[in-house]
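Have a look at the structure below, then the notes.
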Amino acid sequence: MSVHLHWFLPTGGDGRTLVDRHAYTDGGIRRDRITPVSGVRAPDIEYLAQIAKAAEQLGFEAVLTPTGTWCEDAWLTTAALTQVTERLKFLVAFRPGVISPVLAAQMAATYQRISRGRLLLNVVTGGDSTEQKRFGDHLDHDRRYARTDEFLQVVRGVWGGAPFDFRGEHYQVEGGLTALPPDPLPEIFFGGSSAAAGPVAARNVDVYLTWGEPPEQVKQKVDWIRGLAEREGRTVRFGIRLHTISRDSSKEAWATAGRLLDDLDPETVAAAQQALGKSESVGQQRMLALHGGSRDKLEISPNLWAGVGLVRGGAGTALVGSHAEVADRIEEYHALGIEHFVLSGYPHLEEAYWFGEGVRPKLAARGLLAAVPSPLEGVPAVNGRPASAPGGAPLLVAGGR
63 MSVHLHWFLP TGGDGRTLVD RHAYTDGGIR RDRITPVSGV RAPDIEYLAQ IAKAAEQLGF
123 EAVLTPTGTW CEDAWLTTAA LTQVTERLKF LVAFRPGVIS PVLAAQMAAT YQRISRGRLL
183 LNVVTGGDST EQKRFGDHLD HDRRYARTDE FLQVVRGVWG GAPFDFRGEH YQVEGGLTAL
243 PPDPLPEIFF GGSSAAAGPV AARNVDVYLT WGEPPEQVKQ KVDWIRGLAE REGRTVRFGI
303 RLHTISRDSS KEAWATAGRL LDDLDPETVA AAQQALGKSE SVGQQRMLAL HGGSRDKLEI
363 SPNLWAGVGL VRGGAGTALV GSHAEVADRI EEYHALGIEH FVLSGYPHLE EAYWFGEGVR
423 PKLAARGLLA AVPSPLEGVP AVNGRPASAP GGAPLLVAGG R
């Protein structure tokens, strides 16, 4: 089982700080309560294209694109980026409650043809009632997961190439059909830590995602979902969502984490914790429990730092250390059954290079990565040199900073 490495597209903005450009108080509506933040980058298409191209060049398989009020639309943004990349896949996050499952299946089929098979789907059921209501969704937490269960049954049904009928509590479909099913069928990624989420994963998804909890907690989740899937006669693969701060030395990496922490004043942390504490997401509550809102003892497991979660919702932990130490932790999670690693860092462009040039070669040397086709494959050498640049310039090997 190889490790699959994925990166992140910050369609809600990026920068050299953990302080988000959106306030956490009042759902981010009252902008006068936002702490002034410097070094923030707008998520314009030119910047996102830089990140996508870097991820492709560095050997990442896909990029996760988030969904939500403060993000650019994931479908439209990534469809545009398929035109400036060649190999990179796009893990498109979307909420099933705000779109017809038959339409979603059709969109996925069109996307596969436009991108030549580079779509992955990340189904986000949603754990914030305020956010859900903003999009017209008024179901409670458990009913949202029940609807997701039906949604995924319909999507897979209409991908079958024949008229599909379905009658459930949330969807009634007569003759549902995707005239030209996607080829290949997109893999479906899904996360959820609640009792309502587990059976949905077991019945429907290809890859179950967890946020970056300590290894022993991740193992419990893997065992839980694997057991549920076995009862359904299915096999589910596993992934993890983490940030990374990888440097040439452990000292440098922790110094970077310290600088990110220094940006967070007590008021900002308190406002974030108050807002995040209202989330219905069990996974979010598990993230908050890792640090309890305190700056003390943020290294909750070797090289696993919970500082991100002081102000950021969702994935709140980072792998921090030397390139070898980060590779060690990835290998440790891999041994538990984790196959997909969805990574990110602040800023996303620079951190992609730190990880891609520093950690990735170490994982490859340990035999954990599948070979990535070179963009120069099949290009003839010039004057006895690799065709690494126009005119057959010598190949320059990065030092892996």
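Its first residue numbered 63, the sequence shown is counted upward by one per residue in our numbering.
For glycine and all other residues, C-beta sits at the position ideal for the given N, C-alpha and C.
As the structure is a computational prediction, the values presented were derived from the model and not from experiment.
Range of the contiguous beta strand (DSSP E) that encloses Asn184: 181-185
Residue(s) in a DSSP beta bridge with Arg296: Its beta-bridge partners do not exist; DSSP assigns none.
Beta carbon of Gly274 nearer than 8 Å to that of Ile302: yes
Short CB-CB distance (under 8 Å) between Val164 and chain C: The structure shown contains no chain C; it is built from a single protein chain.
Lys151 burial status per 10 Å Cβ neighbour count (16 or more: buried): buried
C-alpha gap between Leu323 and Gly369, whole angstroms: 7 Å
Where Lys340 sits in the DSSP three-state scheme: coil
Beta-carbon proximity list for Leu290, same chain, < 8 Å, skipping 5 on both sides: Gly260, Pro261, Ala263, Ala264
Ala386: first and last residue of the uninterrupted beta strand (DSSP E) it sits in: Counting along the chain, Ala386 falls outside any beta strand (DSSP E), though it belongs to the alpha helix (DSSP H) covering 385-397.
Buried/exposed call for Ala241, threshold 16 Cβ in 10 Å: exposed
Complete alpha helix (DSSP H) runs within the stretch 229-308 (minimum length 4 residues, chain order): 259-266, 277-293
For His203, the first and last residue of its enclosing alpha helix (DSSP H): 203-220
Cβ contact check for the stretch 186-197 and the stretch 164-172: 3 or more pairs under 8 Å: no
Span separating the alpha-carbon of Asp199 from that of Ala257: 21 Å
DSSP beta-bridge partners of His68: Ala124, Val404
Residue environment, Arg175, which counts as buried when at least 16 other CB atoms sit within 10 Å: exposed
Cβ contact (3+ pairs, closer than 8 Å) linking the stretch 299-317 and the stretch 375-389: yes
At least three beta-carbon pairs within less than 8 Å, the stretch 98-118 to the stretch 408-426: yes
Exposure label - Met63; buried when at least 16 CB within 10 Å: exposed
Meets three-Cβ-pair contact criterion under 8 Å: the stretch 395-404 and the stretch 333-348: no
Buried versus exposed, by CB contacts within 10 Å (16 or more), Arg180: buried
Per DSSP, cross-strand counterpart(s) of Leu153: Leu126, Leu182
Rounded straight-line distance, which links the Cα of Gly378 to that of Pro225: 43 Å
Cα-Cα separation between Ala427 and Ser312, rounded to whole angstroms: 20 Å
Cβ-Cβ distance between Phe70 and Leu138 below 8 Å: no
Leu431 in three-state terms, based on DSSP: strand
Nearest candidate by alpha-carbon position, reference Gly418, set Gln119, Phe228, Arg78: Gln119
Assumed close pair Val373, Leu80 - CB separation to whole angstroms, cut-off 8 Å: 5 Å
Glu278, buried or exposed, once every other Cβ within 10 Å from all chains shown has been counted against 16: exposed
Enclosing beta strand (DSSP E) for Glu361 [first to last residue]: 361-363
Residue environment, Thr73, which counts as buried when at least 16 other CB atoms sit within 10 Å: buried
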